[in-house]
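A.B. asks:
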Amino acid sequence: MVIKNWWRAMTAAAVLLALGAPLAASAEALEAVDYERVVNGAFDSGAADPWWTGPGTAGRVSGGEWCVDVTGGAVNGYDALVGQNGVPYEAGQSYTLRFDARAATLQQVSAVAGEAVAPYRQIAKLDANLTPTAQTFTFTFQSSLDFPAAGNGQLTFWLGGQTFDNTVCVDNVSLVGGVLPPPGLEPAPPVRVNQVGYLPNLPKRATVATESTTPLVWTLKNAAGTAVARGRTVPKGLDAGSGENVHIADFSSYTRQGSGYTLTVGDDTSFPFDISTTALTGLRYDSLAFFYHQRSGTPIEAQYVGAAHARPAGHVNVAPNRGDNAVPCRADLACGYTLDVRGGWYDAGDHGKYVVNGGISAWQLQNEYERALRLGDAAALGDGTLDIPERSNGVPDVLDEARWEVEFLLRMQVPDGKPLAGMAHHKIHDEQWTGLPTRPDQDAQPRRLSAPSTAATLNLAAAAAQAARLWKTYDPAFASRALAAAEKAYAAAKAHPDVLADPNDGQGGGTYSDSTVSDEFYWAAAELFATTGRYRADVTGSPLYAGKSLTPRGFDWAATGALGDITLAIVPTSLPASGVSAIRAALVSTADTHLANMASAGHPAPYRTEDGRYEWGSNGLVANNGVVLALAYDLTRAPKYRDGVFTALDYLLGRNPADYSYVAGYGEQAVRNVHHRFWANQLDPSLPNAPAGAMSGGPNSRLQDPVAARLLTGCAPQRCFVDHIEAYSVNEVTVNWNSAFAWLSNWTAEQSDAAGACRVTYDASTWATGLTAQVTLTNTGTTPWQGFALRFAFGGDERLTSGWSATWSQQDRQVSANNESWQQPVPPGGTVTLGFNAGKTGQHTPPTRFTVNDHLCAA
Ligand code: 9MR
Ligand code: 9MR
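Take the sequence shown: its letters are residues -27 to -1, 1 to 832, numbered as in mature numbering (1 follows the signal peptide of the UniProt record, and there is no 0).
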């Protein structure tokens, strides 16, 4: 039973409240008040974020309460602190603080409203005598100070001042008051485009937020400000993703290449963008460069990244670092050994290294290469394509980069002769969270291994088995070492199929806890099978066999079944043809679902959760679902899938309700202040911003950090974003999101290269009943054409009557002109001119979309 108690506050400002309504009623009344100033006061999500714990305290959420172990002996109350920062206060306003609390042993604690930084001014200090039975405490006080939301205001609990160890539990913390509503969301500028660029012959669409219910005129202007095209928007109604009424502006028919275009609707103008076959190609390498930046255990050298982003090696045992060369297990594990786990990539803005997440990320870089090898352009990922130390070792650079992580995964394996030998430790990270900024080499926290887990073990098995087949020709010794480790890991996982990571092990590092591992089993079996030909029964016997994991939400570090399907869809194996076609059909039908969902959206992104809300890392899911669309195109060559991929990219690069390009360095309004302990320019001007190619996690409806919670209250799913360094639940970067984005960027770069392989000019003379046209093809690629096959479509009732310099034919509106062997090969830069006559009755609109030898050509 909860007993209500009243406590006279010690400060003059504190006033006693009258006690009236029963608890349930007053709790409801509190919830009904808008101006709640505390975030996550109920600990409902099972996590304590954004509450922090200071020295001498350790917190955990259990049974919906936040319980803090306090080490005895701290002299003053404030010597053992827990609290929350960024709490807003307004001078002269009244606030009611309320919380439930208990302590294992009777203790007086204090709740203090005040300033988070020196001189630590106090607003109110309110004492509460805690007993083993939880009580509800309520205080009212006036603020003497002003702090904006996400500023330096703070609410702390002082738990020190006693000689004995104690455990204090709090729940339902609420601070209500003030007259300023929580900062409302400014609507983003209304004309939203891909701020980087559109391909000349692909769809080009923008979204316009407007109250208008009737079409509006849009004007496309070139860099000189001259109008080059006009049209009308199509009203689309209320859009759930943005919470806005939106229109679509489609300017696809304009195909002339250039930069600095803008789109104007009424008084509003978009950010500038290019129309070009090269605007998007740099993303292929910048998105991969992210991984070199994140390397642990090696200096990040200016010769590869430029002076601003260079830094000393992290965690190599140079003070104040403890080093990752001999890392013990967490105290409660007492594993009795240390591991040398140097290397690998830092996961994100933190300095943790997690096998669950490292595995999927390494897999995805390797898969980017393997797909290119089988279905695309592997040369674009070859040796010398990235600015990394291995750039001239004869190995494709993307494989070198992935190996940096695979080597780390192998080091996380439990040695022979130890308990759970062959399994992989779930993660290694700091004992306590470090503050921002902290450069990796300046991190003074002790490093610890968490317990092994089945999910981590299977990540190792999958990524290492895949590495084994890709490295076979480049480094057979490494390939066989990786395969041996993978097989050992897989056997260990089968022997220990339900060792789950602790969902509460979130101190000093993320949890990455995953309670379902059937998907990791399927993925690892698929990789081992694709490499060895064995393990087939494990693949076909899995309940997830043949595309069962593919969903409209998509795949990520916790849902990995699709990774197995992707491998089985593209790598030749001894699976029955029916199995391969079932997997491919599942990929294509999932892509169809994405397209259908996108068709109904105002700012289309291939990602749909059951409740329509967006989640932590939504951009990673959008990118991974873009991968599914891309594979559907690879498998079918149906243009709608390719167009869907580029539409997904439009979303990531600015056509979204936040009006942000989520990729640093790309677009006029691109993210700069991602949550990162080194790219922390927002906090320390001597540090850099995020480098080009780093993708932010993006909108998250759950607002799981203090800044997002305070600045984004009430946001529609795709609008829950702010470019703030402390907003880690919406604006962090991490290896698994960038691996998805890198894969996608490589694919779109391939398409851009193909589009850049030809250019077509078309000149027609028309009269009432016919036309004659001359078509000039230019080889803008790098290889000669032995012959050519031109395709385009008429827009009306044109009928071909004759043609020259090729074999011309027409089916419905589709026209082909083939010449298997032109007089001589057409060299790069060379041209071919051909032409035709046609009859017609209606208007002739010159075609704008041409392909030569299956490549889309620039106009
Ligand atoms: O920096 C941490 C980030 O990498 C994690 O994704 C996030 C959630 O686990 O936590 C961040 O660290 C914060 C910690 O959780 C609470 N104290 C403040 C830390 C830095 O903002
Ligand atoms: O990507 C993870 C996301 O799915 C979870 O909801 C979130 C909270 O547990 O953690 C994310 O992973 C973070 C990890 O725990 C620590 N490093 C940064 C990761 C990205 O924010």
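Where a beta carbon is used, it is the ideal one built from N, C-alpha and C, also for glycine.
Here the structure is a predicted model, which means the values were calculated and not measured.
Taking 6 Å as the cut-off, does the CB of Asp373 come closer than this to any heavy atom belonging to ligand 1?
C.D. replies: Not so, every heavy atom of ligand 1 lies at least 6 Å from the Cβ.
A.B. asks: Assign Gln724 to one of two classes, buried (16 or more other C-beta atoms within 10 Å of its C-beta) or exposed (fewer than that).
C.D. replies: With 16 or more other Cβ atoms within 10 Å, it is buried.
A.B. asks: Do the region 286 to 300 and the region 447 to 457 make contact, defined as three or more Cβ pairs closer than 8 Å?
C.D. replies: Contact fails: fewer than three Cβ-Cβ distances are below 8 Å.
A.B. asks: Can you tell me which of Leu118, Ala519, Asp529 and Arg384 puts its alpha carbon nearest to the alpha carbon of Val553?
C.D. replies: If we check each option's Cα against that of Val553, Ala519 comes out closest.
A.B. asks: Run through the region 54 to 103 for me and flag every whole beta strand (DSSP E) of 3 or more residues, listed as ranges in chain order.
C.D. replies: The qualifying runs are 54 to 58, 67 to 76, 80 to 88 and 95 to 103.
A.B. asks: Compute the minimum distance between the beta carbon of Thr411 and the heavy atoms of ligand 2, and state whether it is under 6 Å.
C.D. replies: Result no, Cβ not under 6 Å from ligand 2.
A.B. asks: Tell me the DSSP secondary structure of Asn826 in three-state form.
C.D. replies: It is coil, neither helix nor strand.
A.B. asks: Which residues does DSSP list as the beta-bridge partners of His648?
C.D. replies: His648 is bridged to Glu705.
A.B. asks: With 16 as the cutoff for other CB atoms within 10 Å, does Asp17 come out buried or exposed?
C.D. replies: It is exposed - the Cβ of Asp17 has fewer than 16 other Cβ atoms within 10 Å.
A.B. asks: In its own chain, which residues sit with a C-beta less than 7 Å from the C-beta of Ala811, not counting the 5 before and 5 after it?
C.D. replies: Counting only Cβ-Cβ distances below 7 Å, and skipping sequence neighbours, we find Gly743, Leu744, Glu771, Arg772, Leu773 and Thr774.
A.B. asks: Mind checking Gly537: buried by the 16 CB within 10 Å criterion, or exposed?
C.D. replies: Buried, since its Cβ has 16 or more Cβ neighbours within 10 Å.
A.B. asks: Does the Cβ-Cβ distance between Arg509 and Ala122 come in under 7 Å?
C.D. replies: Contact flag unset, no.
A.B. asks: Examine ligand 1 and report whether any of its heavy atoms sits within less than 6 Å of the Cβ of Cys327.
C.D. replies: Note that residue 327 corresponds to Tyr in the displayed sequence, not to Cys. No.
A.B. asks: Under 7 Å, do Leu175 and Phe619 count as touching if we go by C-beta distance?
C.D. replies: The answer is yes: Cβ separation under 7 Å.
A.B. asks: Hey, out of Gln783, Pro516, Ala611 and Val733, whose CA is closest to Cys830's CA?
C.D. replies: The shortest C-alpha separation from Cys830 is found at Val733.
A.B. asks: On a Cα-Cα basis, can you pick out the residue from Phe765, Asp241, Val636 and Phe761 that is closest to Ser718?
C.D. replies: Looking at the Cα atoms, Val636 is the closest of the given residues.
A.B. asks: In the DSSP assignment, what residue or residues form a beta bridge with Phe120?
C.D. replies: Beta-bridge pairing links Phe120 to Tyr62.
A.B. asks: Just to check, is the beta-carbon of Asp323 closer than 6 Å to a non-hydrogen atom of ligand 1?
C.D. replies: Asp323: yes, Cβ under 6 Å from ligand 1.
A.B. asks: Nearer than 6 Å: is that true of the beta carbon of residue 851 relative to any heavy atom of ligand 1?
C.D. replies: Lying outside -27 to 832, the shown extent of the chain, residue 851 is not represented and no answer is given.
A.B. asks: For Thr818, which residues of its own chain have a beta-carbon under 6 Å away from its beta-carbon, when the five flanking residues on both sides are left out?
C.D. replies: The residues are Gly768.
A.B. asks: For Trp336, which three-state DSSP category applies?
C.D. replies: Trp336: helix per DSSP, three-state reduction.
A.B. asks: DSSP on Lys391, reduced to helix/strand/coil?
C.D. replies: Three-state DSSP puts Lys391 in coil, outside helix and strand.
A.B. asks: Does at least one heavy atom of ligand 1 sit under 6 Å from the Cβ of Asp22?
C.D. replies: At least one heavy atom of ligand 1 is nearer than 6 Å to the Cβ of Asp22, so yes.
A.B. asks: What residue range does the alpha helix (DSSP H) around Pro679 cover?
C.D. replies: Counting along the chain, the alpha helix (DSSP H) containing Pro679 begins and ends at Pro679 to Leu684.
A.B. asks: Tell whether a beta-carbon distance below 7 Å holds between Gly56 and Val146.
C.D. replies: Cβ distance not < 7 Å, so Gly56 and Val146 don't count as in contact.
A.B. asks: Note down the Cα distance separating Leu560 from Ala440, rounded to an integer number of angstroms.
C.D. replies: Taking the straight line joining both Cα atoms gives about 24 Å.
A.B. asks: What are the residues that DSSP puts in a beta bridge with Phe809?
C.D. replies: According to DSSP, which records beta bridges pairwise, Phe809 is partnered with Ala746 and Gly776.
A.B. asks: Bridge partners for Ser426 per DSSP, in chain order?
C.D. replies: In DSSP, Ser426 forms a bridge with Ala397.
A.B. asks: Count the other CB atoms within 10 Å of the CB of Thr707; is the residue buried (16 or more) or exposed (fewer)?
C.D. replies: Buried, since its Cβ has 16 or more Cβ neighbours within 10 Å.
A.B. asks: With H, G and I counted as helix, E and B as strand and the rest as coil, what does DSSP make of Pro819?
C.D. replies: Correct three-state label for Pro819: coil.
A.B. asks: Could you pull the DSSP bridge partners for residue 895 from this structure?
C.D. replies: Residue 895 lies beyond the range of the chain shown here (-27 to 832); nothing can be said about it.
A.B. asks: In the DSSP assignment, what residue or residues form a beta bridge with Cys731?
C.D. replies: Cys731 is bridged to Asn752.
A.B. asks: Suppose the cutoff is 6 Å on Cβ atoms and the five residues either side in sequence are ignored; what does the same chain contact list for Asp241 look like?
C.D. replies: Excluding sequence neighbours, Asp241 sits near Pro163 and Val164.
A.B. asks: My output table needs one value for Asp52: the three-state DSSP class, helix, strand or coil.
C.D. replies: Here Asp52 sits in helix by DSSP.
A.B. asks: Which residue marks the beginning of the alpha helix (DSSP H) containing Ala542, and which one marks its end?
C.D. replies: Its alpha helix (DSSP H) spans residues Gly534 to Ile543.
A.B. asks: Should Trp589 be listed as close to ligand 2, given that the test is whether its C-beta is under 6 Å from any heavy atom?
C.D. replies: Yes; taking the cut-off as 6 Å, the Cβ of Trp589 has a heavy atom of ligand 2 nearer than that.
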